[in-house]
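Working notes, beginning with the structure itself.
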Amino acid sequence: MRKSIKALSLVFVLVLVSSSVYAQQKTLVTRIIDGDVIQVLYGGVEKRVRLIGIDAPESRIDRKALKDANMSEHDIEAIVEMGARAKAYVNGLIKRGNFVTIEFDIKEMDRYGRLLCYVYLSNGKMLNEEIVRAGYAIVKTIPPNVKYKDKFLNAFNYAEETKGGLWDE
């Protein structure tokens, strides 16, 4: 009898854990930070959300923008201008006060305390994928959060082929 109870308890715990890994939650957008970071009201607290699987240029001069400029053929002003375009694109899709649905993957938070999420718009489309498809971000999947890697790669190929967004230059 005790073995049965322990086994049943283990199954129950595994079901709870596995269902929370990909759980989706509706949240309120409070701010657009960048082309790949938004801020939402999560659990009654404003939290930054880093969009999983993508990397958009920075919209302000910081360490990452300088690194991107050093690793590319663009100067820092061009990088920041591209970042501003990426942020403007995101602002065209969602605004402060909109509701979005966030979905976690395996790792839920980065070293900066930001939530790592896939974000869904009210029309059901994934924001992360739409930004890449429009050409305003590249694919940057970091294990273990690779659930939609293939979707992002397909979106990236589409953006490159159609010269969308930042690929028009």
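This note's numbering numbers the first residue of the sequence shown as 1444 and each following residue consecutively.
Think of the CB as a built atom: it goes at the ideal place given N, C-alpha and C, for glycine as much as any other residue.
Could you tell me whether the Cβ atoms of residue i and residue j are closer together than 7 Å?
| i | j | result |
| --- | --- | --- |
| residue 1553 | residue 1495 | no |
| residue 1584 | residue 1467 | no |
| residue 1537 | residue 1589 | no |
| residue 1578 | residue 1610 | yes |
| residue 1504 | residue 1511 | no |
Going by other Cβ atoms of all chains shown within 10 Å of its Cβ, with 16 needed for buried, is residue i buried or exposed?
| i | result |
| --- | --- |
| residue 1484 | exposed |
| residue 1559 | buried |
| residue 1463 | Bear in mind that a pLDDT of 49 at residue 1463, under 50, signals an unreliable position, so the number given afterwards is only what the model happens to contain. It is exposed - the Cβ of residue 1463 has fewer than 16 other Cβ atoms within 10 Å. |
| residue 1608 | buried |
| residue 1451 | Note that residue 1451 scores a pLDDT of 41, beneath 50, so its modelled location is shaky; the value from the coordinates is reported in the next line. Residue 1451 is exposed by the Cβ-count criterion. |
In chain order, what residues of the same chain have a beta carbon less than 8 Å from the beta carbon of residue i, not counting five sequence neighbours either side?
| i | result |
| --- | --- |
| residue 1594 | 1569, 1572 |
| residue 1498 | 1479, 1580, 1581, 1582, 1583 |
Using 8 Å for Cβ pairs, my map puts residue i next to residue j. What's the rounded Cβ distance?
| i | j | result |
| --- | --- | --- |
| residue 1500 | residue 1526 | 4 Å |
| residue 1532 | residue 1486 | Incorrect: roughly 28 Å between the Cβ atoms, too far for contact. |
Can you give me the Cβ contacts of residue i inside the same chain, cut-off strictly under 6 Å, excluding the 5 residues immediately before and after it?
| i | result |
| --- | --- |
| residue 1597 | none |
Do you know whose CA, among the options, lies nearest residue i's CA?
| i | options | result |
| --- | --- | --- |
| residue 1561 | 1546, 1575, 1574 | 1546 |
| residue 1529 | 1603, 1575, 1599, 1592 | 1575 |
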